[in-house]
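Input: a single structure, listed below in structure tokens.
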Amino acid sequence: MLERYTTRISESVRHRLPLLLILCYAIALVFPAPGQAIRSWQLPEQWPEIARPSMSQLLVAVLLYLAALGVDIRRVPMVFRQPALLISALSAVWLAPAVVILLAWWTMPMVIDSTAASTLLVGFALVASMPVANSAAAWTQQSRGELSWALALVVLSIIVCPWMIPLALKLLGLTFSDAESQALEQLTSSFTGLEFVVWVLLPTAVGVIMRWAVGAERVARHRQAVLLTSASTLLLLNYINAASALPQMEDDFRLMWLLICVVTALVLCFVGLVVAQVLGRVFRGSGTTITALDYALTMKNTGLALALASSVLEEHAILLLPVFTMTLVQHLFAGALHRGVVQRNGPVAD
254 MLERYTTRIS
264 ESVRHRLPLL
274 LILCYAIALV
284 FPAPGQAIRS
294 WQLPEQWPEI
304 ARPSMSQLLV
314 AVLLYLAALG
324 VDIRRVPMVF
334 RQPALLISAL
344 SAVWLAPAVV
354 ILLAWWTMPM
364 VIDSTAASTL
374 LVGFALVASM
384 PVANSAAAWT
394 QQSRGELSWA
404 LALVVLSIIV
414 CPWMIPLALK
424 LLGLTFSDAE
434 SQALEQLTSS
444 FTGLEFVVWV
454 LLPTAVGVIM
464 RWAVGAERVA
474 RHRQAVLLTS
484 ASTLLLLNYI
494 NAASALPQME
504 DDFRLMWLLI
514 CVVTALVLCF
524 VGLVVAQVLG
534 RVFRGSGTTI
544 TALDYALTMK
554 NTGLALALAS
564 SVLEEHAILL
574 LPVFTMTLVQ
584 HLFAGALHRG
594 VVQRNGPVAD
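Numbering (my numbering), first residue to last: 254 to 603.
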């Protein structure tokens, strides 16, 4: 009985995740106090600093652990049979959005004032530097894509992100002004290498080990509960950060900022989709492989972006607007991709 209710609630939450994200943002704007209180919670100062994560870091660690529970690590080596496609796809995780950000750096100041444009661009630079979203694997599985490719790109992009995120932010910072570059430098230094290991790589490794220890069959039996917990954690992460950021934006918020963010997020998703299709065809990937690339190159780990951005939230609240927008848009885009798969291939397993 309990399992049936859990499955029903989990499926309902997953199918309505974009709507629930919008609801979270609305609640954060009207009732920010609970979110601000949760976000400010920390362990006692007597604890070592590395063992006192912010609430955003802790929630991201939970997300990474839950995602890793679903990783069948035995499937990942399959992708090494096509090394050229793997290297190209992994490079495209950062190169494709970087091109969009550089174009936005040139066009955005033509539409809105340069100060707002600068901060929004830093937010999108942060998004562009993120690894593949955990949910890309879930969408791939739902669309019956080649799960090994989605898992490989999620896992490998997370493994290399301690080096790629600072590198990507520094390279993008070369085109920015001094103020923008300073904000990017704050973001780059907000997580040390040790913090990345403890709060990003370690939860991922623990999740993989836990799956091996308890057995894949037992994990599969509790899959809906894991998915529900993951979705709830993502919603809470967005709420507590929105509760701190959105009230600060309220006085001088411009609707044009939101429109610019939506358009830029859509362009990021569309460019990722085009690159995935081109790579799949150039390297003669199967249809299911291309489906996996579609999701992997259009979805960014915005939860990790929120954890990083929380370090500069007080000075640059608007910086989180691109992160919130990308979170919502990429899930809507993934839903549209899934509907396209259903129309082409007929109904697929949920």
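From the three backbone atoms N, C-alpha and C, an ideal C-beta is built for every residue, glycine too. Just so we're clear, the structure is a prediction, and the values are computed from it rather than from any experiment.
Would you mind giving the Cβ-Cβ distance between residue i and residue j, rounded to the nearest angstrom? I have them listed as a contact below 8 Å.
i, j, result
"valine 346", "leucine 490", "About 21 Å; that fails the 8 Å criterion."
"alanine 378", "leucine 422", "6 Å"
"isoleucine 260", "glycine 398", "Note on identity: in this sequence residue 260 is threonine, with isoleucine being the wrong assignment. So it is not a contact: roughly 22 Å between Cβ atoms."
"glycine 376", "leucine 511", "Rounded, the Cβ-Cβ distance is 12 Å, inconsistent with contact."
"serine 263", "glutamine 477", "4 Å"
"valine 459", "tyrosine 318", "6 Å"
"tyrosine 548", "alanine 403", "6 Å"
"leucine 447", "leucine 273", "No, leucine 447 and leucine 273 are not in contact; Cβ-Cβ is about 34 Å, not under 8 Å."
"methionine 552", "serine 367", "Actually they are not in contact, since the Cβ atoms of methionine 552 and serine 367 sit about 30 Å apart, beyond 8 Å."
"serine 533", "threonine 542", "Per the sequence presented here, residue 533 reads as glycine, with serine not at that position. Right, their Cβ atoms sit about 6 Å apart."
Name the one or two DSSP bridge partners that residue i has.
i, result
"lysine 553", "Val385"
Is it the case that the Cβ atoms of residue i and residue j are separated by a distance below 7 Å?
i, j, result
"threonine 486", "leucine 316", "yes"
"leucine 546", "alanine 529", "yes"
"phenylalanine 498", "valine 380", "One detail in the question is off: residue 498 reads as alanine in this sequence, not phenylalanine. Cβ atoms of alanine 498 and valine 380: not closer than 7 Å."
"glutamine 335", "alanine 560", "no"
"proline 330", "leucine 521", "no"
"alanine 495", "alanine 281", "yes"
"threonine 580", "threonine 555", "yes"
"isoleucine 571", "threonine 372", "yes"
"serine 401", "arginine 328", "yes"
"phenylalanine 506", "leucine 338", "no"
"valine 524", "valine 353", "yes"
"histidine 591", "serine 341", "no"
"serine 307", "serine 483", "no"
"glycine 288", "isoleucine 462", "no"
"isoleucine 303", "valine 451", "yes"
"proline 362", "alanine 369", "no"
"alanine 286", "valine 332", "no"
"isoleucine 291", "methionine 509", "no"
"leucine 343", "leucine 409", "yes"
Just curious, the alpha helix (DSSP H) that residue i is in, first and last residue?
i, result
"glutamine 289", "285-293"
"methionine 509", "508-535"
"isoleucine 462", "455-467"
"tryptophan 358", "336-360"
"glutamine 310", "308-322"
"glutamine 477", "476-502"
"histidine 268", "255-268"
Spell out whether any CB of chain B is found under 7 Å from the CB atom of residue i.
i, result
"arginine 261", "Note that chain B does not occur in the displayed structure, where there is just one protein chain."
Legend entry - Three or more C-beta pairs below 8 Å linking the segment 413-422 and the segment 380-397: yes
Legend entry - Any 3 or more C-beta pairs closer than 8 Å across the segment 579-595 and the segment 388-406: Because the criterion of three Cβ pairs below 8 Å is met, the segment 579-595 and the segment 388-406 touch.
Legend entry - At least three beta-carbon pairs within less than 8 Å, the segment 313-327 to the segment 460-467: yes
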